[in-house]
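The block underneath contains the structure these notes are about, expressed in structure tokens.
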Amino acid sequence: MSTLHVLSHSPFGDDRLTSCLRIIGTDDGLLLCGDAVHALQPGTAPFNALSTRALKLFVLAEDAQARAVNVPDCAASIDYPAFVELSVHYDKVNSWL
């Protein structure tokens, strides 16, 4: 059963990203939105953790743009309609609140 994991909190304030990366499966996807897009800042531990793994990584384009964060090649930049499509594509959606 595949899961879309949705993170919206900054990876510099707590361990949600680390916990998510521990349990994420090969069929799962990870969507960064809100302040979680700060994980894509090059040279940081969260960026290194994300870029060195074979993840299905998605980033909400509007949130990356609002925070002046560039979306790297290892992630797919998506809009809200694509977010809805992803939510339907995966068996479950897990928001890391």
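In the numbering used here, each residue's number is its place in the sequence shown (first place is 1) plus 8. Ideal Cβ placement from N, Cα and C applies to all residues, glycine included.
Quick one: measure Cβ to Cβ for residue i and residue j, integer angstroms, because I've assumed they're closer than 8 Å.
| i | j | result |
| --- | --- | --- |
| residue 33 | residue 11 | 7 Å |
| residue 108 | residue 67 | Any question about residue 108 goes unanswered here, given that the chain covers just 9 to 105. |
Return the first residue and the last residue of the beta strand (DSSP E) that residue i is part of.
| i | result |
| --- | --- |
| residue 102 | 100-104 |
Can you tell me which of the options puts its alpha carbon nearest to the alpha carbon of residue i?
| i | options | result |
| --- | --- | --- |
| residue 69 | 83, 93, 28 | 83 |
| residue 41 | 77, 9, 96 | 77 |
| residue 37 | 62, 88, 73, 71 | 62 |
| residue 27 | 35, 81, 57 | 57 |
| residue 90 | 39, 54, 105 | 39 |
| residue 53 | 104, 92, 87, 29 | 29 |
| residue 20 | 31, 14, 44 | 44 |
Have a look at the DSSP bridge pairing and note the partners of residue i.
| i | result |
| --- | --- |
| residue 86 | 68 |
| residue 79 | Answer is none; residue 79 lacks a bridge partner. |
| residue 13 | 38, 102 |
For residue i, is the beta carbon positioned less than 8 Å from some heavy atom of the ligand GTP?
| i | result |
| --- | --- |
| residue 30 | Of the ligands one can find in the structure shown there are none, so the ligand GTP has no counterpart to examine. |
Could you tell me the distance, in whole angstroms, from the CA atom of residue i to the CA atom of residue j?
| i | j | result |
| --- | --- | --- |
| residue 104 | residue 17 | 8 Å |
| residue 93 | residue 64 | 14 Å |
| residue 99 | residue 9 | 6 Å |
Residue i lies in the alpha helix (DSSP H); which residues open and close that run?
| i | result |
| --- | --- |
| residue 32 | That residue, residue 32, is in no alpha helix (DSSP H); it is neither H nor E in DSSP. |
| residue 18 | Neither: residue 18 is in no alpha helix (DSSP H) and is coded neither H nor E. |
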